[in-house]
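In what follows, a structure is listed as structure tokens, so that the remarks can point back to it.
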Amino acid sequence: MEQRVIKIGNSVGVIIPQPLRRQIRLRPGEKVIVEADVVAREIVVRRKGTISKRSSVTPEFYKWLEKFNQRYAGALRELADR
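Sequential numbering of the sequence shown, starting at 1, is according to full-length UniProt numbering.
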């Protein structure tokens, strides 16, 4: 189901159509977790308290990876040039 990203104040949002909300029994006012899967370039929305089975890569891993890349950027560039 294709949806358009809409501007809401300084943020943006996507309307979750009623048929999809009914399928997962999501009610207005319930808390959800919104996560970014940067590798797949996807946004995942799930009910708070559920475990996502889409990816085993945690946000902490991405933070660690970013620090690693910054620390070893020169060495990684040198290896890539070889």
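Just so it is clear, CB atoms sit at the ideal spot from N, CA and C, and this is done for glycine as well. On a predicted model such as this, the values are computed, not experimentally measured, just so you know.
**Asked** Going by alpha carbons, who is nearest to W12 out of E66, I43, A80?
**Response** Going by the sequence as given, residue 12 is Val instead of Trp. If we check each option's Cα against that of V12, I43 comes out closest.
**Asked** Which of helix, strand or coil does DSSP assign to E30?
**Response** coil
**Message:** Rounding to the nearest angstrom, what Cα-Cα distance links L20 and R71 in this structure?
**Reply:** 44 Å
**Item:** Span separating the alpha-carbon of Y62 from that of Q23
**Value:** 31 Å
**Message:** Excluding the 5 residues flanking V38 on each side, which residues of the same chain have their C-beta closer than 8 Å to its C-beta?
**Reply:** Y62
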